[in-house]
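A.B. asks: Just so you know, we're using our numbering here: the sequence shown kicks off at 31 and counts up by one.
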Amino acid sequence: MTAADFVVVANRLPVDRVEGPDGEEIWRTSPGGLVAALEPMMRNVNGAWVGWAGQADVELEPFEAGGIRLIPVALSAEEVAEYYEGFANDTIWPLYHDVIAPPQYHREWWDAYVTVNRRFAEAAAATAAPEGTVWVHDYQLQLVPQMVRELRPDVTIGYFHHIPFPAHGLYAQLPWRDQVLRGLLGADVIGFQRAQDATYFLTAVRRRLRYEVKGAHVSVPDGDGVRTAMARAFPISIDTTPYLELAAREDVRARAAEIRASLGNPKRILLGVDRLDYTKGIRHRIKAYGELLAEGRLKVEDVTLVQVASPSRERVDAYVHLRDEIELAVSRINGDTDTMGHSAIRYLHQGFPREEMVALYLAADVMLVTALRDGMNLVAKEYVATRVDDRGVLVLSEFTGAADELRQAVRVNPHDIEGLKDAIMTAVEMTPTEQGRRMRSLRRRVLDNDVDAWSSSFLAALSEVRGR
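#1: Would DSSP call Thr456 helix, strand or coil?
#2: Which of the three DSSP states, helix, strand or coil, is assigned to Phe120?
#3: Is it buried or exposed for Ile299, if we count other Cβ within 10 angstroms and need 16 for buried?
#4: Please state whether the Cβ-Cβ distance between Trp123 and Tyr189 is less than 9 Å.
#5: Report yes if the CB atom of Ser340 is closer than 9 Å to the CB atom of Tyr349, and no otherwise.
#6: Between the beta-carbon of Gln29 and the beta-carbon of Gly221, is there less than 9 Å?
#7: DSSP has Glu252 in a bridge; who is on the other side?
#8: Rounding to the nearest angstrom, what Cα-Cα distance links Asn41 and Met460 in this structure?
#9: Excluding the 5 residues preceding and the 5 following Ala228 in the sequence, name in chain order all residues of the same chain whose CB lies nearer than 6 Å to its CB.
#10: Across the region 394–403 and the region 305–322, are there enough close Cβ pairs to call them in contact, namely three or more that are closer than 8 Å?
#11: For a test of your reading of the model: does the CB of Arg179 fall under 8 Å from any non-hydrogen atom of the ligand SAM? Yes or no.
#12: What residue ranges within the region 155–218 form continuous alpha helix (DSSP H) runs of no fewer than 4 residues, ordered along the chain?
#13: Which two residues bound the contiguous alpha helix (DSSP H) that contains Glu115?
#14: Do you know whose CA, among Gly466, Gly255 and Leu171, lies nearest Thr145's CA?
#15: Report back the beta-carbon spacing between Arg384 and Pro272 to the nearest angstrom; my notes put them in contact at under 8 Å.
#16: Measure the beta-carbon distance from Val39 to His167 and round it to whole angstroms, keeping in mind my assumption that it falls under 8 Å.
#17: If I measure Cβ to Cβ from Arg437 and keep anything under 7 Å in the same chain, skipping five residues before and after, which residues do I get?
#18: Please state the DSSP three-state secondary structure of Ser373.
#19: Ala34 by DSSP, collapsed to three states: which one?
#20: Would DSSP call Arg305 helix, strand or coil?
#21: Could you tell me which residues DSSP pairs with Asp404 in its beta bridges?
#22: Taking 7 Å as the limit between beta carbons, can you name the residues of its chain near Ala389, skipping five residues before and five after?
#23: DSSP three-state call for Glu325: helix, strand or coil?
#24: State the Cα-Cα distance for the pair Phe488 and Leu322, rounded to the nearest angstrom.
#25: For Ala95, I'd like the list of residues in its chain whose CB is within less than 6 Å of its CB, leaving aside the five on either flank, ordered along the chain.
#26: With the cut-off set at 9 Å, would you say Val37 and Thr233 are in Cβ contact?
#27: Using the Cβ count rule (16 or more neighbours within 10 Å means buried), how would you classify Glu89?
#28: Using the Cα positions of Phe429 and Gln203, report the straight-line distance between them to the nearest angstrom.
#29: Taking the alpha helix (DSSP H) that Ser292 belongs to, which residues open and close that run?
#30: Measure from the alpha carbon of Ala374 to the alpha carbon of each residue in Ile316, Leu426 and Leu43, then state which is nearest.
#31: Could you tell me the boundaries of the beta strand (DSSP E) in which Val442 lies?
#32: State the beta-bridge partners of Ala261 as determined by DSSP.
#33: Considering only DSSP beta bridges, list what Met397 is partnered with.
#34: Using the Cβ count rule (16 or more neighbours within 10 Å means buried), how would you classify Ala432?
#35: Check for me: the beta strand (DSSP E) holding Phe93 runs from which residue to which?
#36: Closest by CA to Glu359, which one among Thr369, Gln226, Gln337 and Met370?
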């Protein structure tokens, strides 16, 4: 296969294997911001995408789908359990999200992580053209930048970290902390969602590796010399076009009205849309809402909370327990407060297509984003993008990357249940005039800083490095 000038390396390929209309297996483009951001560019730049196809013990040859060359990396069932479910999602994920759940440290998981990262790096190194560019994505592949550099010192390497990076006091718990830092510093540009995350990373580099750090730049030993790596924030966003188009469609708007009617046409609909994850603050949100009903500050006839909790990592114990806790809390609140015609919480443990999500966004008067820790939270930006009527209120956790940009949201500390209750009441009681003022400002920010602006800013930084 011809070498590629631009190689994306991510845990997953940008396609899913699904059954076609005639029963045959076909590849369908995956939903998601990263795919939307990079797909058009990769068609124009002789690009290739290295990733896992999503099925264990399946060996696939490189193929093309949606106009993009795809380089599958095979994982055994044991590697999926140890590298992905183990080290990536039961060690790194909880540690990097402020130890909201306790991380598990197992040497065999680390060994699998090293092995799989090397396999990804070798695939990328074999695919990249001379003097090409390799862009590595996210916490599953933190060792890949250094491994690619060892194999292909001629290429320019970028890395983008989609989740938070922890403060040094937490990061220092990781037994393999120095190896991970060196892995990331294999990149020429290391991107983070928030300036705070970049600062935490640079602090860890200074304290652990004793490398010289000046501003956003790190002096990295490289053979007999020193090279410079840059670490700073590049806040990710969404492709706003499909959300604007769907929000304008009559059938989607009719579906939004249908949703309201199916809920009994309450005065206010509150909406939460999350992956079922302990970082998302779903328990805190439900607790605050339940207390508002119990205290009589909200009435079940007037307000309904719709909580979409899409399935996630259902083989990881912490997620099994979380689902049980949330569903028990929902049942108790509904049992205590429901009437024959009105339900306090409509809980939906399932995913929905984008058309249905936009209808939900249009139906909702208040969007509750109460994550305890989040890299960005694109749901907040999706809600804002769809509100072409300049109505609606966004209640936004200060512990999300989105809070740095969306300053006209009602900001909240989700750990403060009383404060969360007050924020919900502020949103529910906000006048249309105030809603419009805030939402116009939020929409300007999201529409001006879309996913194209994000990818362009990161690639511009890589080009600057290449030109040095």
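All residues carry an ideal CB built from backbone N, CA and C; glycine is no exception.
C.D. replies: Walking through what the data contain:
#1: helix
#2: For the record, residue 120 in the displayed sequence is Asp; it is not Phe. Of the three classes helix, strand and coil, the one that applies to Asp120 here is helix, per DSSP.
#3: buried
#4: no
#5: no
#6: Limits of the chain in this structure are 31 at one end and 498 at the other, which puts residue 29 out of reach.
#7: Note that residue 252 is Asp in the sequence shown here, rather than Glu. Partner(s): Gly255.
#8: 42 Å
#9: Phe222, Ala261, Arg262 and Ala263
#10: yes
#11: No copy of the ligand SAM appears in this structure; indeed no ligand is present at all.
#12: 174–181, 198–201 and 207–214
#13: Careful: Glu115 lies outside any alpha helix (DSSP H) and carries neither H nor E.
#14: Leu171
#15: 7 Å
#16: 7 Å
#17: none
#18: coil
#19: strand
#20: strand
#21: Thr430
#22: Val282, Arg285, Ala286 and Ile289
#23: coil
#24: 44 Å
#25: Val45 and Trp57
#26: no
#27: exposed
#28: 21 Å
#29: Glu280 to Ser292
#30: Ile316
#31: Val440 to Val442
#32: Ile220
#33: Leu301 and Leu424
#34: buried
#35: Phe93 to Ala95
#36: Before going further, note that residue 359 is Ala rather than Glu in the sequence given. Among Thr369, Gln226, Gln337 and Met370, the Cα nearest to that of Ala359 is on Gln337.
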